[in-house]
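Under the UniProt record's numbering, think of the first position of the sequence shown as 1, with each following residue one higher. The block underneath contains the structure these notes are about, expressed in structure tokens.
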Amino acid sequence: MSSSEAGSALSLEARLARLEDIEAIRGLKHLYAFYCDNGYDADGLASLFTEDAVWQSNHFGTHRGREAIRQFSAGNRETITWALHCMVNGRVEIGADGRTASAHWNLIEFATMVALDRSSARDAVIMTANYDESLVKQEGAWKFQRMDVHFHQISNWDKGWVLQPLRKG
Numbered sequence: 001m002s003s004s005e006a007g008s009a010l011s012l013e014a015r016l017a018r019l020e021d022i023e024a025i026r027g028l029k030h031l032y033a034f035y036c037d038n039g040y041d042a043d044g045l046a047s048l049f050t051e052d053a054v055w056q057s058n059h060f061g062t063h064r065g066r067e068a069i070r071q072f073s074a075g076n077r078e079t080i081t082w083a084l085h086c087m088v089n090g091r092v093e094i095g096a097d098g099r100t101a102s103a104h105w106n107l108i109e110f111a112t113m114v115a116l117d118r119s120s121a122r123d124a125v126i127m128t129a130n131y132d133e134s135l136v137k138q139e140g141a142w143k144f145q146r147m148d149v150h151f152h153q154i155s156n157w158d159k160g161w162v163l164q165p166l167r168k169g
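Following this line, the structure appears as structure tokens:
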């Protein structure tokens, strides 16, 4: 059965609930970007994840549990002094059970980071990544259960991603 056939087999209430869930997940992702872009609000970011969540990246390691994610987010304030997360091309799929979901986003991010030599200088940086996420609905609210972030570029603006695809700091 195609997704359009499955959609037409659902009641109007079920279809509306599915759309509301998709919008709630989009809102959750926007809130994630908001907290990142406003000083890496560690408590705010941690509140978006389940207690046993995993945040994993090919560049920034694996952080297991809400508290580890909170600590990681707080540490980002030390190296990323300004950020603008542009989450684009979002795709959200609600599970048949209505309590689980998956999402995929592309990231284009502009940031100011501490210079690689750890001097007082700052570097203008551009980042691109893919986010693949598993979500769960807990007590009526969607939370991230797993977030896998694959960075393609983390590059100083003046060097670009051809010469510096993934800077080290």
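Virtual Cβ for every residue (Gly too), placed ideally from N, Cα, C.
N130: member of the beta strand (DSSP E) spanning 122-138, first to last residue. In the structure shown, R64 falls within a strand segment according to DSSP collapsed to helix, strand and coil. H63 sits buried, since 16 or more C-beta atoms from the chains shown fall within 10 Å of its C-beta. Taken in chain order, the complete alpha helix (DSSP H) segments of 4 or more residues contained in the region 60-118 are 66-79.
Inter-residue distance for S120 and M147 is about 32 angstroms (C-alpha atoms, whole angstroms). Here H30 is exposed. Its C-beta has fewer than 16 other C-beta atoms within 10 Å.
Within the same chain, Cβ atoms closer than 6 angstroms to the Cβ of A124 are found at W157, the five residues on either side in sequence being excluded.
Judged by their CB atoms, I25 and W161 are not nearer to each other than the 8 angstroms cut-off.
Straight-line spacing of the CA atoms in E133 and D43 works out to 20 angstroms. Here the region 76-90 makes contact with the region 108-115; the two share three or more CB pairs at distances below 8 angstroms.
Within 10 angstroms of the beta-carbon of V92 lie 16 or more other beta-carbons, which makes it buried.
In the three-state scheme derived from DSSP, where H, G and I count as helix and E and B as strand, R167 is classed as coil. Beta bridge pairing from DSSP links H150 with N130. In this structure, DSSP gives W157 a state outside helix and strand, which the three-state scheme calls coil.
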